[in-house]
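323 is the number that this note's numbering gives the last residue of the sequence shown; the numbers go up by one with no jumps.
Heads up, the beta-carbon is just placed ideally off N, CA and C, and yes, glycines get one too.
Inspection log for the structure reproduced underneath, given as structure tokens.
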Amino acid sequence: MARELVYTGFMSLDGVVDSPGGKAEGHRSGGWVMDTEFVPEAFALKGEELADTTALMFGRRSYEAFAPIWRDSEDHAAYKELPKYVVSSGLTEDALIDGWGEITILRTTEDVEKLKQTAGGPIYIHGSAELARRLGEADLIDRYNLLVFPVLLGAGKNLFTRADRDKQSLRLRDSASYSNGVTKLVYEVVR
133 MARELVYTGF
143 MSLDGVVDSP
153 GGKAEGHRSG
163 GWVMDTEFVP
173 EAFALKGEEL
183 ADTTALMFGR
193 RSYEAFAPIW
203 RDSEDHAAYK
213 ELPKYVVSSG
223 LTEDALIDGW
233 GEITILRTTE
243 DVEKLKQTAG
253 GPIYIHGSAE
263 LARRLGEADL
273 IDRYNLLVFP
283 VLLGAGKNLF
293 TRADRDKQSL
303 RLRDSASYSN
313 GVTKLVYEVV
323 R
């Protein structure tokens, strides 16, 4: 049985997933998650994911953004010893951060496909919009855990491809809405 590959992220109502916490991607609406009233139950999904994660996967830019912060973060201490995979054609071994457990560089979509065939539990992709879009186009993502925020941003990276492709059906696994307008949507990819 293949390992489950799960994309998890914050998304605006118009599908933007980048720069939820800051202006890292350069569009003027960066930091949009912080502009929404904090309601703890709206973020309960993140705690559930923490308990379910057996490995992490990142694209190069998200790895470079998260690794130095999460390595020393009490909130992400459970991730420290988990295997981590960075999908990048250009990242070198000497650029990997020390003290954050086992980190493996995968070079291609085919390497991700091979990893999915190994023994183990769910692999979670955080951030990494371009990687997730590419893996979704290759039909390698099994589930989308989304927290959709009540904002329209216009600019920014979208999680889903705009390319003409065959329809892909999703099955709603879980959903909830919260007093701050955030909606939890958990979809499984139907195959």
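Straight-line Cα distance separating G268 from H258: So the alpha carbons of these two residues sit roughly 14 Å apart.
Could you pull the start and end residues of the beta strand (DSSP E) that Y319 belongs to? That run of the beta strand (DSSP E) goes 315-321.
State the beta-bridge partners of V148 as determined by DSSP. DSSP links V148 through a beta bridge to N290.
Determine, using beta carbons only, whether Y256 and D184 come nearer to each other than 9 Å. Yes, Cβ-Cβ distance for Y256 and D184 is below 9 Å.
Which residues does DSSP list as the beta-bridge partners of H208? H208 pairs with nothing; no bridge assigned.
Which full runs of the alpha helix (DSSP H) of 4+ residues lie inside the region 179-248, going along the chain? Qualifying alpha helix (DSSP H) stretches, in chain order: 192-202, 241-248.
Short Cβ contact (9 Å threshold) for R160 with Q249: Result no, Cβ atoms of R160 and Q249 do not sit closer than 9 Å.
Suppose you measure from the CA of D226 to the CA of I237; what does that come to, to the nearest Å? Rounded to whole angstroms, the separation of the alpha carbons of I237 and D226 is 11 Å.
Where the alpha helix (DSSP H) containing L267 begins and where it ends: 261-269 is the extent of the alpha helix (DSSP H) around L267.
V218 versus R265 - alpha carbon distance: Rounded to the nearest whole angstrom, the C-alpha separation of V218 and R265 is 15 Å.
Which term fits R323, buried or exposed, when burial requires 16 or more other beta carbons within 10 angstroms of its beta carbon? Looking at its Cβ environment, which holds fewer than 16 other Cβ atoms inside 10 Å, R323 is exposed.
Can you check whether the CB of L279 is closer than 9 Å to the CB of F142? Against a cut-off of 9 Å, the Cβ pair of L279 and F142 comes out as a contact.
According to DSSP, is L278 part of a helix, a strand, or is it coil? Residue state, collapsed to three classes: strand.
Reducing DSSP to helix, strand and coil, say where L285 ends up. In the structure shown, L285 sits in coil (DSSP, three-state: anything other than H, G, I, E or B).
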